[in-house]
Amino acid sequence: MKKILALILVLFMFNLCTEAKSLKKSINSIIKESNISQNSIAISVKNIQTGKVVYEQNENILMHPASVQKILTIIPIIEVLGEDYNFKTQLYSRGKDGYVIKLGGDPYLTSDELGTLLKRINSEKIKQVYIDDSIIERKDWGEGWQWDDDLNTSMPRFNSYNLDRNIAKLTIMPTDYNKQAFIINPQKAPFAFFNNVITGDENKVSISRDSSMAANTLTLEGVVKNPETHFIPNKNLKLYFTKKLTDLLEDRKIYLKSSYIISKASNKDIYVSEVSHPISRAIDDVLLNSNNMVIETMGKLAGGKYYNKQGTDTDAIKLYNEYYKKIGIDNSRIRLTDSSGVSKNNLVDADFITEYLVKSKDNEVLNRMASPSQGTLSSRMIPLKNDIKAKTGTLSDISSIAGFLTAKSGEKYAFCIIINDPTSTSSEKKVLEDYLIRNMHQKL
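Residues 9 to 452 in the working numbering are what the sequence shown spells out, letter by letter.
Below, the structure is given as structure tokens:
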């Protein structure tokens, strides 16, 4: 019996070696044909049950992971906040004539919902509004985020004053030919405009913001023929929030003589009402749509809850590193500086990510990663729809993908591909990733 078992083990190991050699040869051939430098590509593939490596290349080279990093941060966040957590914006009464708005950093709070909450205020007895913004720090951008890309709606600012996704909608309307176009600002976002757009024969508009001169001033240049809509991240979230708050109060004929006072809610304040949104919505938004603002807010909230203090990005990073140690992964070789992967100061290797995936294979959170036809995989690898769950990442010069793959053989694997290459387009990188994953599916 022992001889038979030994023979089976030898045959199994022989098949593994044969498969590994075949996979390595085909992957090397695919990379060579792609014209993307092999030195810029890191790959790690491991059997999900045994943790055994079946293929690796540059697996210990530290690289920028982009949004693949979100799978490294979402689990420790949910462990701390809990899957039943709700983002809450609460209203309390204080004394005879005061009210406290306790902010929860809710990334889904809208002006309409804030207005509904304010309807619970007794308009005849209000003289003062207090705002408790203490839940997370006022720092509203991540370390290493690109200051010259602050018009990018994928990386808006975030803090306790999150409202309307921190993005304003502007519409540029044509007028008479060769005359100045008209700007519609329906949210009444606190922007000033240098409007140099004229009505003409085409639509060609550019928008810029020189933060060193005036953070809330936009310069619009060009020509417009048909109405054109743009979405602009708000630069000053507190200013936008308080302006909307004033407008909503005045809609109810409430005109305060005093400015808003920053003050923590206390146990003497009396609860009135709240607006809330479930964290389940955020999990899907992060893993399917790669929402940066949402996971950055969640990270600070989790750090604050874990250390019982105001949430900061520093505490979020400490929380993640403690979690990796707890599950038995050496994190001494990596560096995380934000929760989303936006910062190019993040450095992670492919081996760390597949090791983390193997350790987390039974975690239900990762089961909510995208399959082909969903989210960021909506138009990729459709034939593998039932065999892959993955998180993608995209930044300038960077593309990445990691997750779980069920091969044609039925075996399951954790995989990670990171490409840091300035000489190829994002599309070329993603085509290469898809070819590599399809090859793994066939060969393993």
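Beta carbons: idealized from backbone N, C-alpha and C, even for Gly.
Three-way DSSP call (helix, strand, coil) for residue i in this model
i, result
"residue 332", "helix"
"residue 36", "helix"
"residue 391", "helix"
"residue 445", "helix"
"residue 399", "strand"
"residue 183", "coil"
"residue 306", "helix"
"residue 263", "coil"
"residue 301", "helix"
"residue 171", "coil"
"residue 123", "helix"
"residue 30", "helix"
"residue 250", "helix"
"residue 95", "strand"
"residue 312", "helix"
"residue 165", "coil"
"residue 140", "strand"
"residue 363", "helix"
"residue 245", "helix"
"residue 84", "helix"
"residue 102", "strand"
"residue 48", "helix"
"residue 517", "Examination of residue 517 is not possible in this model, given that the chain is present from 9 through 452 alone."
Residues near residue i by beta carbon distance below 6 Å, same chain, minus five either side
i, result
"residue 252", "119"
"residue 136", "106, 266"
"residue 283", "97, 121, 125"
"residue 438", "407"
"residue 405", "430"
"residue 362", "52, 54, 422, 424"
"residue 338", "none"
Same chain only: Cβ atoms within 7 Å of residue i, ignoring 5 sequence neighbours per side
i, result
"residue 68", "357, 359"
"residue 368", "83, 374"
"residue 248", "171, 197, 198, 242"
"residue 464", "For the chain, the structure presents residues 9 to 452; residue 464 sits outside this window and is missing."
"residue 390", "380, 381"
"residue 63", "28, 31, 32, 35, 51, 53"
"residue 496", "Residue 496 falls outside the range modelled here, since the chain spans only 9 to 452, and no answer is possible."
"residue 128", "99, 280, 281"
"residue 270", "139, 141"
"residue 59", "366"
Nearest neighbour of residue i, chosen from the options [CA to CA]
i, options, result
"residue 260", "414, 125, 112, 430", "125"
"residue 111", "411, 143, 150", "143"
"residue 201", "184, 226, 341", "226"
"residue 480", "320, 95, 163, 193", "Lying outside 9 to 452, the shown extent of the chain, residue 480 is not represented and no answer is given."
"residue 217", "228, 380, 92", "228"
"residue 245", "256, 148, 448", "148"
"residue 306", "448, 331, 166, 190", "166"
"residue 395", "213, 414, 209", "414"
"residue 425", "405, 416, 400, 392", "400"
"residue 274", "372, 101, 405", "101"
"residue 150", "420, 364, 99, 349", "349"
"residue 235", "37, 255, 211, 215", "211"
"residue 233", "256, 214, 209", "209"
"residue 498", "312, 340, 59, 66", "Given a span of 9 to 452 for the chain in the structure shown, any question on residue 498 remains unanswerable."
"residue 411", "376, 381, 99", "376"
"residue 442", "31, 30, 38, 32", "38"
"residue 450", "417, 435, 70", "417"
"residue 403", "258, 353, 340", "353"
"residue 272", "109, 339, 56", "109"
"residue 193", "123, 176, 185", "176"
"residue 56", "444, 383, 364", "364"
"residue 294", "329, 40, 71, 76", "76"
"residue 419", "80, 320, 448", "448"
"residue 378", "277, 292, 231", "292"
Residues near residue i in its chain [Cβ-Cβ closer than 8 Å; skip 5 each side]
i, result
"residue 314", "88, 323, 327"
"residue 268", "137, 138, 139, 250, 253"
"residue 134", "105, 106, 107, 262, 264"
Integer-rounded CB distance, given that residue j should sit under 8 Å from residue i
i, j, result
"residue 347", "residue 303", "5 Å"
"residue 7", "residue 48", "Residue 7 is absent from the structure shown; the chain starts at 9 and stops at 452."
"residue 78", "residue 298", "7 Å"
"residue 145", "residue 308", "7 Å"
"residue 452", "residue 421", "6 Å"
"residue 343", "residue 392", "Incorrect: roughly 32 Å between the Cβ atoms, too far for contact."
"residue 223", "residue 85", "Not quite, the Cβ-Cβ distance comes to about 30 Å (not below 8 Å), so this is no contact."
"residue 4", "residue 93", "Only positions 9 to 452 of the chain appear in this structure, which leaves residue 4 out of reach."
"residue 296", "residue 383", "3 Å"
_the stretch 43–52 in contact with the stretch 421–436 per 3-pair CB rule at 8 Å_ = yes
*Does the count of Cβ pairs from the stretch 194–211 and the stretch 168–181 closer than 8 Å reach three?*
yes
*May I ask you to verify whether the stretch 153–164 touches the stretch 272–291, counting CB pairs closer than 8 Å and requiring at least 3?*
no
*Is the stretch 234–243 in contact with the stretch 158–168, if contact means three or more CB pairs nearer than 8 Å?*
yes
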